Amino acid sequence: MKITIYLENRKGLKFLIDDFWLKNKDNFVIFYTSLYCYVVMLYFVPTPIWNKEDITMRALRLMKEINILICEDTRTAKKLLLMYDISTAWKEFFSVTSFTSKWKLEFYAKLLQENDALVLSEAWTPWLSDPWKSLVQLCNENQIKFSVLPWANALIPSIVAAWFDTTKFVFIGFLPQKKWRQTALKDMIERGIPTFFYESVHRMSRLLEELKNLNFEWKIFIAREISKVFEQFFTWNLSDFEKYIKEWKISIKGEFVVGVFNEK
32 MKITIYLENR KGLKFLIDDF WLKNKDNFVI FYTSLYCYVV MLYFVPTPIW
82 NKEDITMRAL RLMKEINILI CEDTRTAKKL LLMYDISTAW KEFFSVTSFT
132 SKWKLEFYAK LLQENDALVL SEAWTPWLSD PWKSLVQLCN ENQIKFSVLP
182 WANALIPSIV AAWFDTTKFV FIGFLPQKKW RQTALKDMIE RGIPTFFYES
232 VHRMSRLLEE LKNLNFEWKI FIAREISKVF EQFFTWNLSD FEKYIKEWKI
282 SIKGEFVVGV FNEK
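Position in the sequence shown counted from 1, then plus 31, gives you the working numbering.
As structure tokens, then:
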């Protein structure tokens, strides 16, 4: 006879014992052929920046197996699953944004203590520039186990493609839009270590002008449209960039990663 026992404690640790046999002599004795220890887990899953083939087999497996999905926009997440022919029929979708209330995060804490769940980014790896940092803090505060899958991001390809020494580098996320922007630019120029950051297409022309006003004369790296059809990598002096932009050799369109290096 085969019986399955399913136990769960408050911390979400679950044990599954299969094929056991009880004999009642002086005490109960448990004989079992297999013991599985199952821990509830939250998975942070990177998604492709653009090319649908830029995803791991592990990510696809988890997207199929796990039915609780946390994302910024539930509509985008559903489209992503359907792109990989993954049914959404039995999936539950929950939204987390920078404006998610404290009481809703408390609800998520209870949900994640009892269920496997998946965090799906809008594109590339969920991380500091997204609202997912609040979920990492939530997991640490409530002793919820989580795993971050490696893969898609725009930073690492840019570091590899930059035409200067990147043995050491600094990454600052998004450059401030207003307050502290000039301070951040001055710091990266004086640092003497390559500094990488993300910049919006709407502020690229402004960035080049700001660097020029700060008398920056060294190399600047720009990556645009990573993994897309019109992907480009450039490493030139600032004066060359201005020249090529005017000649339409570089299009100020798409998503940008910028690297600045003052070669002292």
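Note that beta-carbon positions come from the ideal geometry of N, C-alpha and C, so glycine has one too. Since the model is a prediction, treat every value here as computed from it, not as a measurement.
Have a look at the DSSP bridge pairing and note the partners of PHE125. ILE101
Taking GLN213 as the reference, give the member of PHE124, ALA193, ARG237 with the closest Cα. ARG237
In terms of residues, what are the limits of the beta strand (DSSP E) holding GLU230? 226-230
contact_flag[the segment 128-136, the segment 193-213] where n(CB pairs < 8 Å) is 3 or more: no
MET72 to ILE175 span [Cα, whole Å]: 7 Å
Alpha helix (DSSP H) containing TYR139: first to last residue? 133-145
Can you grab the Cα-Cα spacing for the pair LEU269 / LEU151, in whole Å? 37 Å
Does DSSP put VAL167 in a helix, a strand or coil? helix
Comparing C-alpha positions only, which one of SER189, LYS199, GLY204 sits nearest to PHE265? SER189
Return the bridge partner residues of ASN184 from the DSSP annotation. According to DSSP, ASN184 bridges with nothing at all.
Span of the beta strand (DSSP E) holding ALA148? 148-151
CB-CB under 8 Å to TRP182, same chain, minus the five flanking residues each way: which ones, in chain order? PRO77, ASP85, ILE86, THR87, ALA90, THR156
Distance, ILE251 Cα to VAL201 Cα: 14 Å
Do you know how far the Cα of VAL70 is from the Cα of ALA185? 32 Å
Short of 6 Å in beta carbon distance, which residues of its chain neighbour THR105, apart from the five on each side in sequence? Order them along the chain. PHE124, SER126
Could you tell me which residues DSSP puts in a beta bridge with LYS250? ASN268, PHE292
DSSP state of VAL191 mapped onto helix, strand, coil: helix
Using a Cβ-Cβ cut-off of 8 Å (strictly less than) and excluding sequence neighbours within five positions of ASN303, which residues of its own chain qualify? The chain is shown only over 32 to 295; residue 303 falls outside these bounds and no answer can be derived.
Give me the Cβ distance between ASN97 and LEU149, rounded to the nearest whole Å; I'm assuming they're in contact under 8 Å. The question names Asn, yet the displayed sequence has Ile at residue 97. Indeed, because the Cβ distance is near 5 Å, the residues count as touching under 8 Å.
Starting from ILE80 and walking both ways along the alpha helix (DSSP H), at which residues does that stretch end? Taken as a continuous stretch (DSSP letters only), ILE80 belongs to no alpha helix (DSSP H), as it is neither H nor E.
How many Å lie between SER165 and GLN263 at the Cα? 33 Å
Coarse secondary structure for GLN213, derived from DSSP in three states: helix
Quick one, which of VAL167, LYS274, LEU242 has its alpha-carbon nearest ILE220's? LEU242
Can the beta-carbon of VAL291 be found less than 8 Å from the beta-carbon of THR226? yes
Return yes when the Cβ of LEU239 is within less than 8 Å of the Cβ of GLU273, no when it is not. yes
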